[in-house]
Amino acid sequence: MRCLQSTIFATFSLVLFLAVSGCRNAETNGNDAETSRGHPANRSSASQNTDASTIATIPTYTFEVVNVWPHDPTAFTQGLVFHEGFLLESTGQYGESSLRKVELKTGKVMKRISVPRQFFAEGLTLLRGKLFQLTWTERKGFIYDADTLQLQDSFSYGGQGWGLTNDGDSLIMSDGTHQLRFIDPLTFQVEKTVDVFDEGRPLRELNELEFVNGEIFANIWHRDEIVRLDPQLGKILGWIDLKGLLPPDGRQRDPEAVLNGIAFDKEGKRLFVTGKLWPSVFEIKVKERKTGT
Ligand SMILES: [Ca+2]
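Numbering-wise, the working numbering puts 255 at position 239 of the sequence shown, and it's gapless, one number per residue.
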């Protein structure tokens, strides 16, 4: 009898040990996913599906500078849009946030609308003649006339506001997570969300956005890279490596002086990028990186 009790106890202990080990492994894997931000030069991705059969090589792109234009080095760029020959820009920081109309070739600020000092302005997009501007943690967005920059209205949303673009129908916003929200521009209800994964891990801190030829281009906070995303699935379609675009000696010593600003000229097929406190706006051509380069 004692032997049987011992056997039962030993079996129970083994099951308990395996269960606890399994939990620990799951926790460890979860923490790895939370903390890992690195990624290899030659990438593969399973997107939302980690099945090995779906893993495919993701192309990486490099760039060629077509033009360099001046940019206000005090502009803490959070949103960038191209419209009828001008850049429209949202700048952040409390007490300094603004909406600007900027002459591309001179960088001259033609018009500047100050955002009330209790708001930290973020992403910006132009849809149906209106400019929509997010704020960081204030859960309030502003709507302006795209031609006059006159404030017309405001709207509310949950969570943080980071980047903003649109697909012609919906506003698409990032909020510091790996999720993009599609929002109705009239009711401001969330229509759907799309999650972005890099090799099975959440790709967090998606920042400034731009809708380019049916894809979403997204800055990632503190990285000199833009990720190209499928808007329907959030699947990663490619990476644009912008290291070296603005060398370290061209940057201010502010750790926040990072790449953040993508604008696309649909008619001219021109792509513009800049950063927070950067002295230049770059028109770039994206080129697929050849193997071994
Ligand atoms: Ca943009």
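Glycine included, C-beta positions come from ideal geometry on N, C-alpha and C.
In the DSSP output, what is residue i paired with across the bridge?
i: residue 149; result: 140 and 158
i: residue 255; result: 76 and 243
i: residue 127; result: 117
i: residue 171; result: 157
Residue i to residue j, Cα distance in whole Å?
i: residue 151; j: residue 110; result: 10 angstroms
i: residue 226; j: residue 196; result: 12 angstroms
i: residue 234; j: residue 168; result: 28 angstroms
i: residue 236; j: residue 220; result: 8 angstroms
i: residue 184; j: residue 143; result: 7 angstroms
i: residue 76; j: residue 155; result: 35 angstroms
i: residue 122; j: residue 85; result: 7 angstroms
i: residue 259; j: residue 204; result: 36 angstroms
i: residue 244; j: residue 303; result: 13 angstroms
i: residue 280; j: residue 288; result: 6 angstroms
i: residue 274; j: residue 102; result: 22 angstroms
i: residue 128; j: residue 293; result: 17 angstroms
i: residue 217; j: residue 210; result: 14 angstroms
i: residue 315; j: residue 138; result: Residue 315 cannot be examined here, being either before or after the span of the chain that is shown, 17 to 309.
For the beta strand (DSSP E) containing residue i, list its first residue and its last residue.
i: residue 193; result: Residue 193 -> no beta strand (DSSP E), and no H or E assigned at all.
i: residue 106; result: 102-107
i: residue 87; result: Premise fails: residue 87 is in no beta strand (DSSP E) and is neither H nor E.
i: residue 275; result: 275-281
i: residue 211; result: 206-211
Within 10 angstroms of the Cβ of residue i, are there 16 or more other Cβ atoms? Answer buried if so, exposed if not.
i: residue 87; result: buried
i: residue 149; result: buried
i: residue 189; result: buried
i: residue 266; result: exposed
i: residue 83; result: exposed
i: residue 133; result: exposed
i: residue 116; result: buried
i: residue 90; result: exposed
i: residue 229; result: exposed
From the beta carbon of residue i, is the nearest beta carbon of chain C less than 9 angstroms away?
i: residue 286; result: Going by chain labels, chain C is absent from the structure shown, which holds only one protein chain.
So which residues touch the region around ligand 1, with touch meaning a C-beta under 5 angstroms from any heavy atom? Qualifying residues come out as 96, 226 and 278.
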